[in-house]
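When the letters of the sequence shown are read in order and numbered with this note's numbering, they come out as residues 33 to 198. Below you'll find the structure, written out as structure tokens, and then a few comments.
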Amino acid sequence: MIVNDIAFDELAYRRALGGFGTGVVLIAAHDALGRAHGVIVNSLTSVSLAPPVILWCLGGGCAAFEVFTSCRSFSVNILGAGDEALARQFSRRGERLLPADRLTEMQTGAPVLSGALASLDCRMRSRAQVGDHEVIYGDVAAFRAMGAGDALGYFRGGYVTLASGA
Ligand SMILES: Cc1cc2nc3c(=O)[nH]c(=O)nc-3n(C[C@H](O)[C@H](O)[C@H](O)COP(=O)(O)O)c2cc1C
């Protein structure tokens, strides 16, 4: 691949970025029919504390691209170490609908995952297309946190447990 006139080894680039260990979150949003879609991402960033604003990045090829770019609200759910199976399920290709028995709502009406380490209930703030991804900004309208428990992490292409060490 040639990027900015430089030969670019995409695999080596991905490997380099894989050294940046992250948490894992499930983003959830309703489609126009009221079905709850989920996608696993690790591109979450806290942008501003006052007001509370977060961003995450959505690949242009995502099957539910329209759902996540046209929704008015969505939730960000930080996964615990026990949620690896859920993470694998919601990063598979194709349509990924969340089961009603794991969902609740907070303030905006977006579907929120029960049992997550923490959940942020967000209103869509703005979007920006950058390369092959859409950067999605959310205003945090409400949040809740369990305050304890190991987190699910992603590091060098595999899931890991992020333990507090306390
Ligand atoms: C740990 C992990 C992190 C991911 N982070 C992102 C991300 O930040 N943005 C994104 O669009 N997809 C991300 N993905 C990929 C999506 O979960 C999903 O696999 C992708 O949307 C392909 O499925 P689809 O094209 O059928 O929607 C991640 C996957 C994994 C396993």
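Note that CB positions come from ideal geometry on N, CA and C, so glycine has one too.
At the level of alpha carbons, what is the spacing between residue i and residue j?
i	j	result
V35	R134	43 Å
Q139	R47	39 Å
A117	C94	20 Å
A64	A39	43 Å
F97	V192	27 Å
G53	V73	13 Å
R125	V71	10 Å
A142	A195	29 Å
Looking only at its own chain, which residues have a Cβ that is under 7 Å from the Cβ of residue i, when we skip the five neighbours before and after it?
i	result
E42	M33
H165	C89, L90, G91, G92
D115	L184
S123	I72
Just to confirm my understanding: we take residue i, look at its own chain, exclude 5 residues before and 5 after, and list those with CB closer than 8 Å. What are they?
i	result
L81	none
V79	V85, I86, L87, Y169
V144	A60, S107, N109, L135, T136, E137, M138, S151, D153
A173	S105, M138, Q139, T140, D153, C154, R155
Can you tell me the Cβ-Cβ gap for residue i and residue j, rounded? I've got them flagged as a contact below 8 Å.
i	j	result
R128	H62	Wrong, their Cβ atoms sit about 13 Å apart, outside the cutoff.
R155	D171	5 Å
G179	A148	Their Cβ separation, rounded to whole angstroms, is 12 Å, which puts G179 and A148 out of contact at 8 Å.
Taking the DSSP output, what are the residues bridged to residue i?
i	result
C89	V167
TODO: Considering only heavy atoms of ligand 3, list every residue whose Cβ is less than 7 Å from one of them, following chain order.
DONE: This structure lacks ligand 3; the ligands present are ligand 1.
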